[in-house]
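Each remark here refers to the structure printed beneath this line.
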Ligand code: XMP
């Protein structure tokens, strides 16, 4: 049985002895990075600076919302606006693994710059077991390079600390709850570090990311409302993906030729395997109608993904 109290006490004691001086942490507002930051904050207090990178690939209103939520936890949060750098880095990049590695490397460069400014020798990140297992850790094949593992350059200007490295998501949620995170964070659905860039198949341009950002917001809103109204239980994860192909549709009596959005929702324990969610048809219909209305300039068709993992993965890239 996983003992969260013992885990927290052991980690805080170990972090106290292993960190000398200042540390920075990469914070997204998700349960992993926030739990890791709180553990370090318990160990070194104000000597920790938490860095929220605005990559331009975050969800609607996410940076503003997370910044205040995290500051309310007593964390010292700095937001770095790196939107232009990330879009420039991904210009013309189509291949999923190249995308992931470029994003991972740029994250590290941004963190190195902040670490220099803060005179920090340590960098804390919320890596959990599936991140390094699926990134080809140990003897395994690389399924996908998780942003916090796969893109690491050989020479890094700080020491990396990963207090959650051996935990699975369900265990991190228990630790997050135990350590006093609000329910909104410890129950939050997972969101990948590379963000919406990997939910746009092919090149992640600003225009295409804007489309998927709106579609993701609609999927979240409709599913959360339906769950609150007891029409369904909230899935483990739910989002939209922009496919790189177009389909013919009809608006009034006019022919249109526009993008296709795939809606994905899955049930899982730890992300290592997953089953597609059996969402009620009326909820799927509301999602489809809303996406094709709100995004009518760009999207003419919505599909629901009924693939389990394996053989699919949760994200598309
Ligand atoms: P896949 O797509 O590998 O996803 O089946 C399994 C779970 O991991 C999340 N995921 C990531 N999380 N950095 C993260 O922090 C990443 O690079 C990353 N890629 C996938 C995914 O959202 C799902 O919950």
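In the numbering used here, the protein residues as written are 1 to 317. Backbone N, C-alpha and C fix where the C-beta goes; we use that ideal spot for every residue, glycine too. Since the structure is predicted, the reported quantities are computational estimates derived from the model, not experimental observations.
In the DSSP assignment, residue 11 falls within the unbroken alpha helix (DSSP H) covering 4-18.
Shown here for residue 99: same chain residues with a beta carbon closer than 8 angstroms to its own, the five before and five after excluded, namely 90, 93, 194, 197, 198, 204 and 317 in chain order. Within the chosen limit of 8 angstroms, the ligand XMP does not reach the beta carbon of residue 163 with any heavy atom. Less than 9 angstroms divides the Cβ of residue 191 from the Cβ of residue 28. In the DSSP annotation of this structure, the continuous segment of the alpha helix (DSSP H) that includes residue 84 starts and ends at 83-89. With the rule of 3 Cβ pairs closer than 8 angstroms, the region 265-273 counts as touching the region 230-246.
The three-state secondary structure of residue 37, taken from DSSP, is helix. Around the beta carbon of residue 84, fewer than 16 other beta carbons sit within 10 angstroms, so the residue counts as exposed. Cβ neighbours of residue 122 within its own chain (closer than 7 angstroms, five residues either side excluded): 19, 23, 158, 159 and 161.
With the rule of 3 Cβ pairs closer than 8 angstroms, the region 161-177 counts as touching the region 127-140. Distance from the CA of residue 304 to the CA of residue 256, rounded to the nearest whole angstrom, comes to 21 angstroms.
Around the Cβ of residue 181, a 10 Å sphere holds 16 or more other Cβ atoms; the residue is buried. Within the region 53-117, the runs of beta strand (DSSP E) that reach at least 3 residues and sit entirely inside it are, in chain order, 77-81. Inclusion of residue 218 and residue 278 in the CB contact set at 9 angstroms is not warranted, their separation being larger than that value.
The alpha-carbon separation between residue 141 and residue 250 amounts to approximately 44 angstroms. Ranked by Cα distance from residue 283, the first of 226, 87 and 307 is 226.
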